[in-house]
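The structure appears right after this line, and notes come after that.
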Amino acid sequence: MNTPGDGDVTCWKCGHHYALQRKFCVQCGSKPTRPGSTPTGSPAPSTPPSPVVAPRNRAGTPFPTNIPIPASTPAPAATPSNSLALTGDYHVVSSGGQDRFYCTEDFIAANSPACAVCAQPITGTGAEDHTGAKYHLNCFACKRCGTPITNKYIVDSQGDLCCGHCHSSSPPGAAGNSSSSSSSSAAGDSSTFRCGVCAGELSGQVVGVGDTRYHKHCFVCPGCKADLTHIPFHLENGQLRCKKCLLTEKGEFCAACGQLIEEGALQAMTKLWHEHCFKCGDCASVIGAGQSYAAKGQTPICASCATKY
Numbered sequence: 469m470n471t472p473g474d475g476d477v478t479c480w481k482c483g484h485h486y487a488l489q490r491k492f493c494v495q496c497g498s499k500p501t502r503p504g505s506t507p508t509g510s511p512a513p514s515t516p517p518s519p520v521v522a523p524r525n526r527a528g529t530p531f532p533t534n535i536p537i538p539a540s541t542p543a544p545a546a547t548p549s550n551s552l553a554l555t556g557d558y559h560v561v562s563s564g565g566q567d568r569f570y571c572t573e574d575f576i577a578a579n580s581p582a583c584a585v586c587a588q589p590i591t592g593t594g595a596e597d598h599t600g601a602k603y604h605l606n607c608f609a610c611k612r613c614g615t616p617i618t619n620k621y622i623v624d625s626q627g628d629l630c631c632g633h634c635h636s637s638s639p640p641g642a643a644g645n646s647s648s649s650s651s652s653s654a655a656g657d658s659s660t661f662r663c664g665v666c667a668g669e670l671s672g673q674v675v676g677v678g679d680t681r682y683h684k685h686c687f688v689c690p691g692c693k694a695d696l697t698h699i700p701f702h703l704e705n706g707q708l709r710c711k712k713c714l715l716t717e718k719g720e721f722c723a724a725c726g727q728l729i730e731e732g733a734l735q736a737m738t739k740l741w742h743e744h745c746f747k748c749g750d751c752a753s754v755i756g757a758g759q760s761y762a763a764k765g766q767t768p769i770c771a772s773c774a775t776k777y
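Just so you know, the numbering used here puts 483 at position 15 of the sequence shown, and the rest follows in order with no gaps.
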């Protein structure tokens, strides 16, 4: 390593030079200062030792000063937003073989979730709704009255957050979505609604479908117990069904493989088939819609193979 120049960083405590791209003392781990900026009351060494190459840990990430960064910390997409000297606590992130140094303010901004309302980074305590969206506490507010939501809320038919007070004063049917979709929330006024499955009082997270409310743990397909919050479902005569179970109960099945036909059914020989399952019993080639075929008992035979009989 070459002799340190005027721009190299030196530890004011022990006199060791910092590797230019490492920014920490390899011996004492104290904060770096530029030459000529020795802290008050801390005499600079008269003869600095030879430069020492900064060590790296096994994961390849340099050991930072004061604020250790776990190996699992992802590298932020943005580079530091300013070029101020790092004279206090800082963060080191290694990505693609390159070390990036961040002051605490920029590191938090680059690694904090953005508020769903104002799009600014959330650096302190925040709120999270049923979809996983993050909010500043003062941005997590009722769309109708503007009051920050601190307890229960409902998602109305427009998809807006509504506090329990505003929801309980709304006309029936003002909250919730159509029968083909759902909205999950924390219960608004538990005395107004009861669960459409168990008829129990609503508390905690609930799901709204039209004018009906459900406990989130009750909003499942009774057949396969699948959570219906994020998958297609059908509501008929008050009964919930996921799409797969509904087709199983009311759908048609392929005469060849016996599996459910969800779409693309082909009708032949008074039976229904998957289009890819309607094959010649001799050569196994697929007999497409509109193509001629013959029947050998209950087995279809393509026109080419039929000439052999």
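Yeah, the Cβ is synthetic: ideal placement off N, Cα and C, and Gly gets one too.
The model shown is predicted, which means the values in this text are computed figures rather than measured ones.
TODO: Tell me whether K776 is buried or exposed, calling it buried when 16 or more other Cβ atoms sit within 10 Å of its Cβ.
DONE: The residue is exposed, with fewer than 16 neighbouring Cβ atoms inside 10 Å.
TODO: Write down the C-beta distance between C610 and C634 rounded to the nearest angstrom, noting that I regard them as a contact closer than 8 Å.
DONE: Contact holds; Cβ gap of about 6 Å.
Task: Rounded straight-line distance, which links the Cα of A601 to that of P616 - done: Within the model, the alpha-carbon separation for P616 versus A601 is close to 16 Å.
Task: Beta-carbon gap between C770 and C748 smaller than 7 Å - done: In contact: C770 and C748 (Cβ atoms closer than 7 Å).
Open item on the list: Quick test of your reading: C689 and C663, contact by CB under 8 Å. State the CB separation rounded to the nearest angstrom.
Closed with: Between C689 and C663 the beta-carbon gap is near 16 Å, outside 8 Å, which marks them as no contact.
- [ ] In the DSSP assignment, find the beta strand (DSSP E) that holds E704 and state where it starts and stops.
- [x] Residue range F701 to E704 is occupied by the beta strand (DSSP E) that includes E704.
Task: Cβ neighbours of C773 in the same chain (closer than 6 Å, five flanking residues each side left out) - done: Beyond the five residues adjoining it in sequence on each side, C773 comes within less than 6 Å, by CB distance, of C748, D750 and C751 in the same chain, given in chain order.
- [ ] Please work out which residues of its chain come closer than 7 Å, Cβ to Cβ, to L605, disregarding the five sequence neighbours upstream and downstream, and give them in chain order.
- [x] The answer, listed in chain order, is T593, G594, A595 and P616.
TODO: Keeping to the same chain, check which residues put their C-beta closer than 8 Å to that of I699; ignore five residues upstream and five downstream.
DONE: Contacts found: C710 and K711.
Task: Proximity to G691 [Cα-Cα], best of L715, V677 and V675 - done: Per the Cα distances, L715.
Task: Closest by C-alpha distance to G706, when choosing among V677, E720 and K693 - done: The shortest Cα separation from G706 among V677, E720 and K693 belongs to V677.
- [ ] May I have the straight-line CA-CA distance separating W741 from P768, to the nearest angstrom?
- [x] Approximately 11 Å between the Cα atoms of the pair.
Task: Helix, strand or coil at T615 [DSSP, three-state] - done: It is coil, neither helix nor strand.
Open item on the list: By alpha-carbon positions, which one of E704, L708 and D679 ends up nearest to C686?
Closed with: If you compare the alpha carbons of E704, L708 and D679 with that of C686, the shortest gap goes to L708.
- [ ] State the start and end residues of the unbroken alpha helix (DSSP H) segment that holds T716.
- [x] Counting along the chain, the alpha helix (DSSP H) containing T716 begins and ends at K711 to K718.
Task: Beta-carbon proximity list for S580, same chain, < 7 Å, skipping 5 on both sides - done: Contacts found: P589, I590 and T591.
TODO: Tell me whether K620 is buried or exposed, calling it buried when 16 or more other Cβ atoms sit within 10 Å of its Cβ.
DONE: Classification for K620: buried.
Task: Whole-Å CB distance - E720 paired with A733, under 8 Å assumed - done: So it is a contact: roughly 6 Å between Cβ atoms.
- [ ] In angstroms with no decimal places, state the Cα-to-Cα distance between P472 and G614.
- [x] Residue placement at P472 is flagged as unreliable, the pLDDT there being 45, under the threshold of 50; the coordinate-derived value follows with that caveat. So the two alpha carbons sit approximately 60 Å from each other.
Task: Between the CA atoms of F746 and I729 - distance to the nearest angstrom - done: So the alpha carbons of these two residues sit roughly 13 Å apart.
TODO: Mind reading off the beta-carbon distance from A723 to K739? Whole number of angstroms is fine, and I expect it under 8 Å.
DONE: That belief holds up - the Cβ atoms of A723 and K739 are roughly 4 Å apart, short of 8 Å.
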